[in-house]
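Trainee: Under the working numbering, the letters of the sequence shown match residues 101 to 196, in that order. No residue lacks a Cβ here, since even glycine has one placed at the ideal position from N, Cα and C. Bear in mind that the values here come from a model prediction, so they are computed numbers and not experimental data. Mind having a look at this structure? Questions to follow.
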Amino acid sequence: MSRQIFEQSDEEIKTHYWLTPVLHTLTPLHAKISHRYQALRILIDFSAAFCFVAGSVLFLNSNTSLIAGRLFLIGSFLFAVKPTIDLVRAFHLKRI
């Protein structure tokens, strides 16, 4: 599998470039925007992790299982937002 990555043609790499920008080749503006999107992804990761940990703890008590279920749902939604952020970032960087 890793061999296939190294054997990609330049054309294949250019095709997928807009989804995975190489930071050292970006202009300062592109790098600044990319870093902001990355910071947002990190914030979402920590928020989702907090929701899952808190939900797990609350799920241990039957009185708080409804809140736990909602936290699990929120955490799942946050994980679903991450690919959306990547797509928005890619279109944003391509547009400027």
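1. Just to confirm my understanding: we take Ala-149, look at its own chain, exclude 5 residues before and 5 after, and list those with CB closer than 6 Å. What are they?
2. Looking only at its chain, what residues have a beta carbon closer than 7 Å to the beta carbon of Ile-174, apart from the 5 residues adjacent to it on each side?
3. Compare the Cα-Cα distances from Val-153 to each of Arg-170, Asn-163 and Ala-139 and report the closest residue.
4. What is the residue span of the alpha helix (DSSP H) that Ser-134 lies within?
5. By a C-beta neighbour count over all protein chains shown, 10 Å radius and 16 as the cutoff for buried, is Leu-178 buried or exposed?
6. For the stretch 156–166 against the stretch 125–142, are there 3 or more C-beta pairs whose distance is under 8 Å?
7. Short of 6 Å in beta carbon distance, which residues of its chain neighbour Phe-172, apart from the five on each side in sequence? Order them along the chain.
8. Between which residues of its own chain and Leu-158 is the CB-CB distance below 8 Å, once the five residues before and five after are set aside?
Mentor: In brief:
1. none
2. Cys-151
3. Arg-170
4. 128–159
5. buried
6. no
7. Gly-155
8. Thr-164, Ser-165, Ile-167, Ala-168 and Leu-171
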